[in-house]
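Novice: Submitted below is the structure of interest, expressed as structure tokens.
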């Protein structure tokens, strides 16, 4: 059933009548106000202290709570030492790209001493999302959760949990993260890996000077807990598990899934997952009472240098006088390069596709795009001695176009028809077809060129994108994130996409509905969405170094005919470049 079709709207109306009665008024939505103060805060990890950028002095930052249909207004005050922007990851922001947040795409950065008020509308989202800085490497420490509960009068499509717990997975550098970035940009080489992986900002029991601050969750035997898991890491995908406990996936990226029982999850940067946990292991006084929650990095290409440290938190049962605390048990997690385990997990995720949470997969496609994803090189400029491959500078691309931020934001350039900021010629296919996943790729195909290309879509266009991984400079998974939309993941596979055979296996019944998709190493992933959100929307890899290198592009969706299909006017308080 097509989004916006008369039958789809009738279905929603009939359900509302059945659920609430024809004369029942809709639940009143609320407006929530927050102030985010960007500031430097001293923080001690791994036996040393440094200043980090935070929101309101917190790391991770404050959680935003709302209900579906609510609006959140956030005044961001920059008291830090550098330019910054904030993005509301996974929120569609209907008709309002002005508050989306990526620097030089929808706004100029908020300068030190300045402020910017952003408006976030939760129209369709329900579950767990997150917010984060969208400038340089700032999101390493500037991030936090967004929890969107069902509308008043409705509830979860599963038994209500006894308690909710947010777990933000991330990385920690002993060095200043933006010095790490500047060093890589200066040399043209790779980014130094992090020194620790973290759960809610803490490395856990197995890294130096960390054991006293390990994050702990206390549970009661027999209760059910909703774990809201967010991967905020800049570079790492993670396996995650809890010793001796099953997990049940019930949501991803602010959308419900069919309940999916599993021993572990694999979550890629940018993604969120809602997991039900039954506390059922304290069966008698001799039962262990403490269990490790553990993350282990996953990377299908172990030739890439990355932080391989595990991180831990502790699940501990409330004890009575006849029981005693035990040393936590460790879970059994897949190996760090176990692609089969990662694939087996992600293949099991399906949309709920129920009467009150229907799917709306586009069946007819107006715009087919085949996008190759690559890490590349560009020539070493000037008199620099670059440390990238073959003495070049590392870069990245989509369809061999390596995105370069313009001097002013793309949204302003589009809104005011300012010339020479971008070109509307992002290609629908790679300029050269070759054995994308071959073991040996000619070195002349390593090169890319910098540009600022966008793809212009008519309002209400249905789009299919097939992301094709490549093995240039050794492939790896790529978490591709689309702003302003969620999309249906209709297919995935390994090798080179076959346009005749592979669509025959698409899932058009209950595909996952996500905003970030992990494109497998040397494989492909197909997504579908409807471009019914007028504005300027960024699409990029959520490995932060790949974003900086240019693995990005921009969609511009034109206005529709009706007033509610047109982009909102430019707010008066937008930051200046």
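Residue numbers (our numbering): 11 to 587.
For each residue, glycine too, the CB sits at the ideal point set by N, CA and C.
Give a yes or no on whether the C-beta atoms belonging to residue 547 and residue 107 are separated by under 8 Å.
Specialist: yes
Novice: Which first and last residues belong to the beta strand (DSSP E) in which residue 191 is found?
Specialist: Counting along the chain, residue 191 falls outside any beta strand (DSSP E), though it belongs to the alpha helix (DSSP H) covering 187 to 197.
Novice: List the endpoints of the continuous alpha helix (DSSP H) containing residue 559.
Specialist: 554 to 559
Novice: Measuring CB to CB, does residue 70 end up less than 8 Å from residue 153?
Specialist: yes
Novice: In chain order, what residues of the same chain lie with their CB nearer than 8 Å to the CB of residue 247, ignoring the 5 residues before and after it?
Specialist: 241, 276, 277, 278, 279, 307, 308, 309, 352, 487, 489, 528
Novice: Looking at residue 363 and residue 519, is the spacing between their C-beta atoms short of 8 Å?
Specialist: yes
Novice: Which residue comes first and which comes last in the alpha helix (DSSP H) that contains residue 350?
Specialist: 349 to 356
Novice: When the Cα atoms are used, what is the spatial distance from residue 401 to residue 189?
Specialist: 22 Å
Novice: Between the segment 93 to 102 and the segment 173 to 185, do at least 3 Cβ pairs fall closer than 8 Å?
Specialist: Touching, no.
Novice: Helix, strand or coil for residue 432, going by three-state DSSP, please let me know.
Specialist: coil
Novice: So, are the CB atoms of residue 437 and residue 479 less than 8 Å apart?
Specialist: no
Novice: On the three-state DSSP scale, how would you describe residue 113?
Specialist: Reduced to three states, the DSSP call for residue 113 is strand.
Novice: Of the residues 553, 461, 43, which one's Cα is nearest the Cα of residue 131?
Specialist: 43
Novice: Check whether the segment 509 to 524 touches the segment 418 to 426, taking contact to mean three or more Cβ pairs, one atom from each stretch, closer than 8 Å.
Specialist: no
Novice: Just how far apart, CA to CA, sit residue 169 and residue 337?
Specialist: 32 Å
Novice: Which partner residues of residue 563 appear in the DSSP bridge assignment?
Specialist: Bridge partners of residue 563: 549.
Novice: Check whether the segment 293 to 308 touches the segment 248 to 257, counting contact only when three or more Cβ pairs, one atom from each stretch, lie closer than 8 Å.
Specialist: By the C-beta criterion, the segment 293 to 308 is judged to be in contact with the segment 248 to 257, since at least 3 inter-stretch pairs fall below 8 Å.
Novice: If you run the structure through DSSP and keep just helix, strand and coil, what is residue 401?
Specialist: helix
Novice: Helix, strand or coil: which one does DSSP assign to residue 423?
Specialist: helix
Novice: Verify whether the separation of the beta carbon atoms of residue 427 and residue 560 is less than 8 Å.
Specialist: no
Novice: Using the Cα positions of residue 120 and residue 128, report the straight-line distance between them to the nearest angstrom.
Specialist: Going from the Cα of residue 120 to the Cα of residue 128 covers about 12 Å.
Novice: Count the other CB atoms within 10 Å of the CB of residue 57; is the residue buried (16 or more) or exposed (fewer)?
Specialist: exposed
Novice: What are the residues that DSSP puts in a beta bridge with residue 267?
Specialist: 361
Novice: Taking the beta carbon of residue 114 as the centre, do at least 16 other beta carbons fall within 10 Å, making it buried, or is it exposed?
Specialist: buried
Novice: So, is residue 343 buried or exposed, given that buried needs 16 or more other C-beta atoms within 10 angstroms?
Specialist: It is buried - the Cβ of residue 343 has at least 16 other Cβ atoms within 10 Å.
Novice: Helix, strand or coil, according to DSSP, for residue 238 in the structure here?
Specialist: strand
Novice: Among 472, 385, 409, which has the Cα closest to the Cα of residue 453?
Specialist: 385
Novice: Between residue 61 and chain D, is any beta-carbon pair separated by less than 8 Å?
Specialist: In the structure shown, chain D does not exist; there is a single protein chain.
Novice: Quick one: what's residue 142 bridged to in DSSP?
Specialist: Partner(s): 97, 153.
Novice: With a threshold of 8 Å, are at least 3 pairs of Cβ atoms found where one atom belongs to the segment 222 to 234 and the other to the segment 163 to 177?
Specialist: yes
Novice: Which whole runs of the beta strand (DSSP E) in the segment 434 to 483 are 3 residues long or more, in chain order?
Specialist: 459 to 461, 464 to 467, 471 to 479
Novice: Please work out which residues of its chain come closer than 8 Å, Cβ to Cβ, to residue 198, disregarding the five sequence neighbours upstream and downstream, and give them in chain order.
Specialist: 390, 394, 396, 397, 398, 402, 403, 404
Novice: Residue 223 by DSSP, collapsed to three states: which one?
Specialist: Residue 223: helix per DSSP, three-state reduction.
Novice: Do the CB positions of residue 195 and residue 147 come within less than 8 Å of each other?
Specialist: no
Novice: Taking the runs of the beta strand (DSSP E) that are 3 residues or longer, which of them lie wholly in the segment 252 to 316?
Specialist: 257 to 262, 265 to 272, 275 to 277, 282 to 288, 300 to 308
Novice: Starting from residue 128 and walking both ways along the beta strand (DSSP E), at which residues does that stretch end?
Specialist: 125 to 131
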